[in-house]
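Participant: Sharing a structure below in structure tokens format, with a few things to ask.
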Amino acid sequence: MLEEWQTSWKNGDTGRKIYNIMPSVSLRPTNWIRDDVISFSQHGPFPAYLKRFHLCDSDYCSCGGIGTALHYAMYLCSVLAYEEASSKLRTRMAEKGRQ
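Taken in order, the sequence shown gives residues 1 to 99; the numbers are from full-length UniProt numbering.
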């Protein structure tokens with residue numbers, strides 16, 4: 001099973017950024033913290049990611065830049081914009097849950 005997983009991971013098309021950091025699969029948990037996982041996977045409350053799922057109207061940050069994980073890591077607007085995006089995501093998810 002582990003060999004099949006490793007082969008699939010090595011030859012896959014998705015997750016290449018994570019693969020470059022962790023090329024070997026393991027059954028042992030890592031010591032990554034949530035923010036690291038969000039940053040490296042770029043799957044988080046970032047407008048550029050959320051727009052793909054129609055959870056955000058625009059892929060731009062409130063400062064006008066493209067709202068990617070890298071953008072949030074590099075610019076001072078990141079704390080405010082990240083909190084704003086997180087709040088919008090929570091609201092939209094709650095609304096969808098009530099439907």
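Think of the CB as a built atom: it goes at the ideal place given N, C-alpha and C, for glycine as much as any other residue.
This one's a predicted model, so the numbers in the text were calculated from it and none came from an experiment.
Report, in whole angstroms, the separation of the C-beta atoms of Y19 and F46, which I expect to be a contact under 8 Å.
Facilitator: Actually they are not in contact, since the Cβ atoms of Y19 and F46 sit about 20 Å apart, beyond 8 Å.
Participant: Quick check on the burial criterion: 16 or more other C-beta atoms within 10 angstroms. Buried or exposed for Y75?
Facilitator: Burial call: exposed.
Participant: Just to confirm the assignment, what range does the alpha helix (DSSP H) spanning K17 have?
Facilitator: Counting along the chain, the alpha helix (DSSP H) containing K17 begins and ends at 16-21.
Participant: What does the alpha-carbon distance come out to for the pair E3 and G64?
Facilitator: About 45 Å.
Participant: Given this structure, state the Cα-to-Cα distance separating I38 from E83, to the nearest angstrom.
Facilitator: Those two C-alpha atoms are separated by around 14 Å.
Participant: Just to confirm before moving on: does the CB-CB distance between F40 and K10 stay below 8 Å?
Facilitator: No, they are not a contact pair.
Participant: Quick check on this structure: which residue in R92, L55, W5 has the alpha carbon closest to the alpha carbon of V25?
Facilitator: The option with the nearest alpha carbon to V25 is W5.
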